[in-house]
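Here's the structure we're looking at; comments come further down.
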Amino acid sequence: MTHPVNEPPVNPLPPVVVALFLVLAGIELVLWLGGQGIVGGPEAVGWRNSAIETYAFSGRAFDWMLETGQYPPEHLVRFVSYLFLHASFSHALFAMVILLAMGKILAETAGALVFVGVFFVSGIVGAVAFGVISDEPWLIGAFPAVYGLIGAFTFLLWLRLGQEGAPQVRAFTLIGMLLAVQLVFGMLFGGGQDWIADVAGFVTGFALTLVLAPGGMARVVQKIRRR
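In my numbering, the protein residues as written are -5 to 221.
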């Protein structure tokens, strides 16, 4: 089998996906190297905890803002900055793998702006849902945002299956598997209520893609009219 000389060995990723991946990877690399004592000296061991206290989403700060009606920038930034902090290298790695896989599909199918919108809006809505429902003090990690990307992918797959006349419930197989794995791990090793933000992120990503994806809403309306 022959291949064109200029054909890349792997499918290139959209630049916006690569850029977001590099930001996540860069932050995690610095925190991991500091935690291992490789850079930054002895005080670098506490960089991760310090970053979490300063930039993680705080349920207590959220409650305080709702009670007082005050919304200082140092707390508002937490609705986005928490997405770039993780509990460990493996925690960050899993999120980044999903980001690359789902981000490539969404950015190539619906465009870079839809990808960026789904990522950040899903993360923000996930944080709000966590703050309203959960009593836990901290939320960290990109999972609410990447679950939003999974929601967007689910919507695109749902549309495609409908066009092919296949059972559209198959589109929800991936999210079902992920939630089942998360439930099992939570039962075996204990877990918090991060799943609240993840589910909210998924629903947000699905709904946003319905509105933002080219022809998304029009296709749904046509499908309803055919019934």
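Glycine residues also receive a C-beta, built at the ideal position from the N, C-alpha and C atoms.
Note that the structure is a prediction, hence the values are computed from the model and not measured.
Distance check for residue j and residue i, CA to CA, integer angstroms please.
i      : j      : result
Pro6   : Leu168 : 24 Å
Ala13  : Phe149 : 24 Å
Tyr76  : Arg154 : 33 Å
Phe56  : Gly125 : 6 Å
Phe196 : Val110 : 15 Å
Val122 : Ala106 : 24 Å
Ala174 : Trp58  : 34 Å
Leu204 : Ile127 : 26 Å
Val24  : Phe73  : 22 Å
Tyr49  : His85  : 17 Å
Ile46  : Val119 : 19 Å
Val11  : Val163 : 28 Å
Phe147 : Pro36  : 43 Å
My understanding is that residue i touches residue j, with C-beta atoms under 8 Å, so please give their C-beta distance in whole angstroms.
i      : j      : result
Arg42  : Gly29  : 6 Å
Val108 : Leu100 : 7 Å
Trp152 : Ala136 : Not quite, the Cβ-Cβ distance comes to about 24 Å (not below 8 Å), so this is no contact.
Phe83  : Glu22  : 6 Å
Helix, strand or coil for residue i, going by three-state DSSP, please let me know.
i      : result
Ser82  : coil
Leu52  : The identity of residue 52 in the sequence shown is Ser, whereas the question assumes Leu. Reduced to three states, the DSSP call for Ser52 is strand.
Leu133 : strand
Leu18  : helix
Pro9   : helix
Pro161 : coil
Val175 : helix
Thr203 : helix
Ser128 : coil
Tyr65  : coil
Ile32  : coil
Val71  : coil
Using the rule of at least 16 other Cβ atoms within 10 Å of the residue's Cβ for burial, across every protein chain shown, is residue i buried or exposed?
i      : result
Thr198 : buried
Thr62  : exposed
Gly226 : The question about residue 226 has no answer here: the residues shown for the chain are numbered -5 through 221.
Please return the same chain residues whose Cβ sits closer than 8 Å to the Cβ of residue i, not counting the five positions on each side in sequence.
i      : result
Ile144 : Ile92, Met96, Leu168, Ile169, Leu172, Phe196, Gly199
Gly31  : Ala38, Val39
Any beta carbon of chain C sitting closer than 8 Å to that of residue i?
i     : result
Glu22 : Structure shown: chain C not included; a single protein chain is present.
Using a Cβ-Cβ cutoff of less than 6 Å, which residues in the same chain neighbour residue i once the five nearest sequence positions on both sides are dropped?
i      : result
Asp192 : Phe137, Pro138, Tyr141
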